Amino acid sequence: MSYVAAASAPLRKTGHIKLYGPEGFEGMRRAGQLTARALDAVAEMVRPGVTTEAIDQLIFDFALANGAYPATLMYRGYRHSVCTSVNHVVCHGMPNPRPLREGDIVNVDVTLVLDGWYGDSSRMFAIGAIPRRAERLLEVTYESMMRGIAAIRPGGHVGDIGAAIQDFVEPQHMSVVRDFCGHGVGQVFHDEPNIVHVGRRGEGPQLVPGMIFTVEPMINLGRPHVKVLSDGWTAVTRDRSLSAQFEHAVGVTETGVEIFTLSPKGYHKPPYQIA
Ligand code: MF3
Ligand code: CO
Ligand code: CO
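Residue 1 in the UniProt record's numbering sits at position 1 of the sequence shown; the count goes up by one each step and never skips.
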């Protein structure tokens, strides 16, 4: 895989890895911070009885009020402003009128497009008190994402990220989903390279300053296998075990890594201490 300056590349997937300059990093900071504020607003409204449709509406309104647009709306036929993945839903769950219930865990995945830049991030939310095994899953999933991000440095390789995640998760008898991965992001929603959440250190494309991509591990309490329901979107665990995911958009810097989608309110992982 080769690298091209993003500024002189077409606005689509080209088979090359785009390298962004300072304007790209600034655009991603602004889009990423807006997405993080949207997720902070979700943290302040979710509780038993709230529907995922209400979360969808909140994000749509928030995006438009801030001069942004939800990237998923009308994307490949998807018709919602967010993905809401409850309990054994791995990803791409669609908002619906069913009220969330005490004990549910839900991933809310938001991508706001601001001035052409895609801020892509997701967090888990616990609805009231959740079972101990669900708490452990959320903890391990968050920690796996942060370990994956901490493995990023210029001169390293994409495989370092997956290795850090897999080597942390599997000894705890949880599994890493293979069917979905992180992706290059920037002025394109899903770009090169794929960021697989398993792997071996030193393998895959080299990490180069200017690369921008997501790290978004999906971790299951049971087996890693998923199936997509007949709606064409909803991915669930085949064994119906609980699944969790966190996602940040990050950039490779000269010295390490910058996270664009950190919560300004410190709502990094549940339980969120609402101000
Ligand atoms: N935000 C998701 C991601 O992390 C993509 C959702 S695409 C949709 O890549 F169409 F399912 F919404
Ligand atoms: Co993503
Ligand atoms: Co996302």
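Note that CB positions come from ideal geometry on N, CA and C, so glycine has one too.
Note that the coordinates shown come from a computational prediction; the quantities given were computed from them, not determined experimentally.
*asked:* Below 8 Å on the Cβ atoms is my contact criterion, and I expect residue 217 with residue 185 to pass it. Report the Cβ-Cβ distance as a whole number of Å.
replied: With a contact defined as Cβ atoms closer than 8 Å, residue 217 and residue 185 miss out at about 16 Å.
*Opposite residue 51 in the DSSP bridges: which residues?*
Per DSSP, 99.
*Name the DSSP beta bridge partners of residue 184, please?*
Residue pairing by DSSP puts residue 184 in a beta bridge opposite 191 and 213.
*Starting from residue 142, follow the alpha helix (DSSP H) in both directions and report where the run begins and ends.*
Where residue 142 is concerned, the enclosing alpha helix (DSSP H) stretches over 132-150.
_Element boundaries [beta strand (DSSP E), containing residue 226]_ = Start and end: 226-228.
*When you compare only the Cα positions, how much space is there between residue 61 and residue 72?*
For residue 61 and residue 72, the distance between alpha carbons rounds to 14 Å.
*Given 8 Å as the limit, is there contact between the segment 193-202 and the segment 236-253, that is, 3 or more CB pairs closer than that?*
The segment 193-202 vs the segment 236-253: no contact.
_Let's see if you can read the secondary structure: which residues bound the beta strand (DSSP E) around residue 258?_
It spans 257-259 - the beta strand (DSSP E) in which residue 258 sits, taken as one unbroken run.
*If you run the structure through DSSP and keep just helix, strand and coil, what is residue 39?*
In the structure shown, residue 39 sits in a helix (DSSP, three-state: H, G or I).
_Rounded separation between residue 47 and residue 102 - CA only_ = Residue 47 and residue 102 have their C-alpha atoms roughly 8 Å apart.
*Could you say if the segment 242-256 and the segment 119-128 meet the contact criterion of at least three C-beta pairs nearer than 8 Å?*
Counting Cβ pairs under 8 Å, three or more are found: they touch.
*Leaving out five residues before and five after residue 274 in sequence, what residues of the same chain have Cβ atoms less than 7 Å from its Cβ?*
Excluding residues within five positions, the ones whose Cβ falls inside 7 Å are 43 and 44.
*Among 140, 36 and 75, which residue has its Cα nearest to the Cα of residue 266?*
Nearest of 140, 36 and 75 to residue 266, Cα basis: 36.
*Inter-residue Cα distance where the pair is residue 171 and residue 17*: About 33 Å.
_Same chain, Cβ closer than 8 Å to residue 256, five either side skipped, listed in chain order_ = Exclusion of the five residues before and after residue 256 leaves 152, 153 and 154 as the residues of its chain whose Cβ lies within less than 8 Å of its Cβ.
*Segment limits, beta strand (DSSP E) that includes residue 158*: Counting along the chain, residue 158 falls outside any beta strand (DSSP E), though it belongs to the alpha helix (DSSP H) covering 158-169.
_Simplified DSSP assignment, three categories, for residue 283_ = Nothing can be reported for residue 283: it is not among the residues displayed for the chain, which extend from 1 to 275.
*Would you tell me roughly how many angstroms separate the C-alpha atoms of residue 284 and residue 115, rounded to the nearest one?*
As shown, the chain starts at 1 and ends at 275. That puts residue 284 outside it, with no answer to give.
*Does the Cβ of residue 11 have 16 or more other Cβ atoms within 10 Å, making it buried, or fewer, making it exposed?*
It is exposed - the Cβ of residue 11 has fewer than 16 other Cβ atoms within 10 Å.
*From 14, 133 and 32, residue whose alpha carbon lies closest to that of residue 191*: If we check each option's Cα against that of residue 191, 14 comes out closest.
*Confirm, please, whether the CB-CB distance from residue 148 to residue 215 is below 8 Å.*
In contact: residue 215 and residue 148 (Cβ atoms closer than 8 Å).
_My output table needs one value for residue 61: the three-state DSSP class, helix, strand or coil._
Residue 61 sits in a helix when the DSSP states are folded into three classes.
_beta-carbon residue 214 near ligand 2 non-hydrogen atom, thresh 7 Å_ = Yes - ligand 2 has a heavy atom lying nearer than 7 Å to the Cβ of residue 214.
*Name the DSSP beta bridge partners of residue 123, please?*
In the DSSP assignment, residue 123 forms a beta bridge with 108.
_Span of the beta strand (DSSP E) around residue 245_ = Boundaries of the beta strand (DSSP E) harbouring residue 245: 243-245, taken from the DSSP string.
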